[in-house]
Amino acid sequence: MTQHFVPIAARPSPVRTRGAVPWVRTHLFGDLRSSITSVFLLGLAIYLLPRLYSWGLGNAVFSADAQACQNMRGVGACWGVVTEKYRLILLGRFPFEEHWRPVLATSMMLAALVVSCIRAFWKPWLALVWMSVLAVFFVLMGGGVFGLSRVRTDLWGGLPLTVLLATVSIFLAFPLSIAVALGRRSHLPAIRSACIVYIELVRGVPLISVLFMASFMFPLFMPQGVSIDVLVRVVVGITLFAAAYMAEIVRGGLQAIPRGQLEAADTLGLSYWQTQRKIVLPQALAMVVPSIMNNFISIFKDTSLVTIVSMYELTGALSLGLNSDVNWRPFKIEAYLFITVIYFLFCFAMSRYSLWVEKQLTASKGR
Numbered sequence: 043m044t045q046h047f048v049p050i051a052a053r054p055s056p057v058r059t060r061g062a063v064p065w066v067r068t069h070l071f072g073d074l075r076s077s078i079t080s081v082f083l084l085g086l087a088i089y090l091l092p093r094l095y096s097w098g099l100g101n102a103v104f105s106a107d108a109q110a111c112q113n114m115r116g117v118g119a120c121w122g123v124v125t126e127k128y129r130l131i132l133l134g135r136f137p138f139e140e141h142w143r144p145v146l147a148t149s150m151m152l153a154a155l156v157v158s159c160i161r162a163f164w165k166p167w168l169a170l171v172w173m174s175v176l177a178v179f180f181v182l183m184g185g186g187v188f189g190l191s192r193v194r195t196d197l198w199g200g201l202p203l204t205v206l207l208a209t210v211s212i213f214l215a216f217p218l219s220i221a222v223a224l225g226r227r228s229h230l231p232a233i234r235s236a237c238i239v240y241i242e243l244v245r246g247v248p249l250i251s252v253l254f255m256a257s258f259m260f261p262l263f264m265p266q267g268v269s270i271d272v273l274v275r276v277v278v279g280i281t282l283f284a285a286a287y288m289a290e291i292v293r294g295g296l297q298a299i300p301r302g303q304l305e306a307a308d309t310l311g312l313s314y315w316q317t318q319r320k321i322v323l324p325q326a327l328a329m330v331v332p333s334i335m336n337n338f339i340s341i342f343k344d345t346s347l348v349t350i351v352s353m354y355e356l357t358g359a360l361s362l363g364l365n366s367d368v369n370w371r372p373f374k375i376e377a378y379l380f381i382t383v384i385y386f387l388f389c390f391a392m393s394r395y396s397l398w399v400e401k402q403l404t405a406s407k408g409r
């Protein structure tokens, strides 16, 4: 008599593993230590949140009334400083009547950044789009053509300058870092030594020193009568500084590639550049995506240091606007919270995009 195997139907789990309650039980009350920490933080939130709400919203002043803010000082927040100074904070010393120009230029660049992050738009024509966006950006900001009044670069500031410095520096530093990382692993002593000296020299000093030298020391070595715009010098300084750090990140990814893959590529007759482009670099860069994104976020935040060379980006424009007005100077905390939110939104978006890239790479490896 032939017996047939009949599987038993799956039964539901005695304990729920999905939903809010299981997540809380697993992540917040998984053991005694996490339970004590969660209870402490919950109690702290219950104590602080009502007070923060009362200060930030309940008793806050939203109108641009300095006297009303003084009357509520210590009791409620003065968001009126943002209402009064937001244009100066966001757009710096750019001529007031021409503010539509930096607004339009920054909107176009941010739109290009969003488009560049969408996989469906990763086409060759995207490079032409970026060339056009950068050209329009500099035309709108600098003027001097198409009937636009001329605006010197030292009057650029606020969010447009922050976005410009971060975007251009990242785009220039990334390919430079790959070249330097490959150069440091080169078998040619001259190239390897030059890359090592560049990396160690730049990484051995703070960014403030690099910006100071690029802005004040570099012009001393230029021929008589030759002057390079301060914006260009600042971009070069940030780019060289960021590329030195990123080169070490890329080199870490290159060293993680098994030697056998390089030997297999030699066996197939691939040239050095074919091996790097098709085998080594795709894997190496995929391994260090989180570190590269951390460096990008650092570049965005480090743009606040350009104030030392009298370029007033987002943080510098805030200080410029408040220090020159005694009526609003006492309310720096609210103003700094305003730009903190802006920095957080940009950095958080970059972090989430990095996680998305990692998931895409993990899915591709799974296939």
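Per this note's numbering, the very first residue in the sequence shown carries number 43; after that it's consecutive.
Even glycine gets a Cβ: it sits at the ideal position worked out from N, Cα and C.
Nothing here was measured: the structure is a model prediction, and the numbers come from that model.
Between residue i and residue j, what straight-line distance do the alpha-carbon atoms span, to the nearest angstrom?
i      : j      : result
GLN112 : PRO202 : 32 Å
TYR128 : ILE78  : 43 Å
LEU360 : LEU130 : 7 Å
PRO265 : LEU253 : 20 Å
ALA52  : GLY100 : 54 Å
MET173 : ALA328 : 26 Å
ALA87  : ILE375 : 21 Å
HIS229 : VAL156 : 40 Å
LEU249 : ALA298 : 29 Å
PHE338 : MET114 : 40 Å
SER235 : SER219 : 15 Å
ARG60  : GLY134 : 50 Å
GLU242 : LEU282 : 12 Å
GLU305 : ILE321 : 11 Å
LEU94  : PHE104 : 16 Å
PHE386 : PHE373 : 20 Å
Using 8 Å for Cβ pairs, my map puts residue i next to residue j. What's the rounded Cβ distance?
i      : j      : result
ILE341 : ALA208 : 6 Å
ARG227 : LEU296 : 6 Å
Are the beta-carbon atoms belonging to residue i and residue j less than 8 Å from one another?
i      : j      : result
MET183 : VAL272 : no
ARG293 : ALA221 : no
GLY199 : SER191 : no
ALA284 : SER393 : no
CYS159 : TYR395 : yes
GLU400 : THR204 : no
THR449 : ALA110 : Nothing about residue 449 can be read from this structure; the chain reaches only from 43 to 409.
PHE388 : MET288 : no
LEU176 : PHE136 : no
SER76  : LEU83  : no
SER257 : VAL351 : yes
VAL447 : ALA154 : It is not possible to answer for residue 447, since the shown part of the chain is limited to 43 through 409.
VAL331 : LEU214 : no
With which residues is residue i paired in a DSSP beta bridge?
i      : result
GLU400 : For GLU400, which the question treats as bridged, DSSP gives no partner whatsoever.
CYS120 : VAL103
GLU355 : GLY200
contact_flag[the stretch 120-135, the stretch 334-350] where n(CB pairs < 8 Å) is 3 or more: no
Are the stretch 355-369 and the stretch 143-157 touching by the rule of at least three beta carbon pairs closer than 8 Å? no
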